[in-house]
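**Q** Attaching a single structure in structure tokens format; questions to follow.
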Amino acid sequence: MSSFHFRFKPGKHGSPDGDMTVAANYAHLLLCCIILNTYQAKARSTFNDINNRKIQRQQKRHSCHNHLLSDGASLHRILKSNTSIAQRKKKQVSRAIKWIQRIFRTI
824 MSSFHFRFKP GKHGSPDGDM TVAANYAHLL LCCIILNTYQ AKARSTFNDI NNRKIQRQQK
884 RHSCHNHLLS DGASLHRILK SNTSIAQRKK KQVSRAIKWI QRIFRTI
């Protein structure tokens with residue numbers, strides 16, 4: 824950050840000593856306020872950007888987590904249904920084997 828120094832020497836600017844010093848002080852104060860306001864606005868903007876990025880990262884993390892949960896739940900449902908299908912097939916096969924064995928015993 825740069826600083827500005829106004830050094831007006833009284834009596835050398837064609838106006839009474841007191842008025843020039845007041846004008847210089849006022850100009851310096853005004854310039855400092857403008858610079859400070861600019862830096863505050865920039866800092867506020869940067870702070871908001873950082874906060875927004877932080878919020879976006881959190882939302883992304885949460886949505887990713889929820890997505891994983893829903894994927895896991897759907898995989899679990901598929902696994903359960905596949906397991907029950909496999910168990911039903913296994914029962915059907917064992918029934919068919921028993922039926923075939925009964926037929927061969929009678930022959």
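In our numbering, the protein residues as written are 824 to 930.
Glycine residues also receive a C-beta, built at the ideal position from the N, C-alpha and C atoms.
Just so it is clear, the structure is predicted and the values come from calculations on it, not from any experiment.
Given this structure, state the Cα-to-Cα distance separating K883 from K903, to the nearest angstrom.
**A** Cα to Cα, K883 sits roughly 30 Å from K903.
**Q** Rounded to whole angstroms, what's the CA-CA distance from I878 to C856? Just pull it up for me.
**A** Roughly 32 Å between the two C-alpha positions.
**Q** Taking the straight line between their C-alpha atoms, what separation do you get for A866 and I901?
**A** For A866 and I901, the distance between alpha carbons rounds to 52 Å.
**Q** Measure the C-alpha to C-alpha separation of R876 and F870 and round it to an integer number of angstroms.
**A** Answer to the nearest angstrom: the Cα atoms are 10 Å apart.
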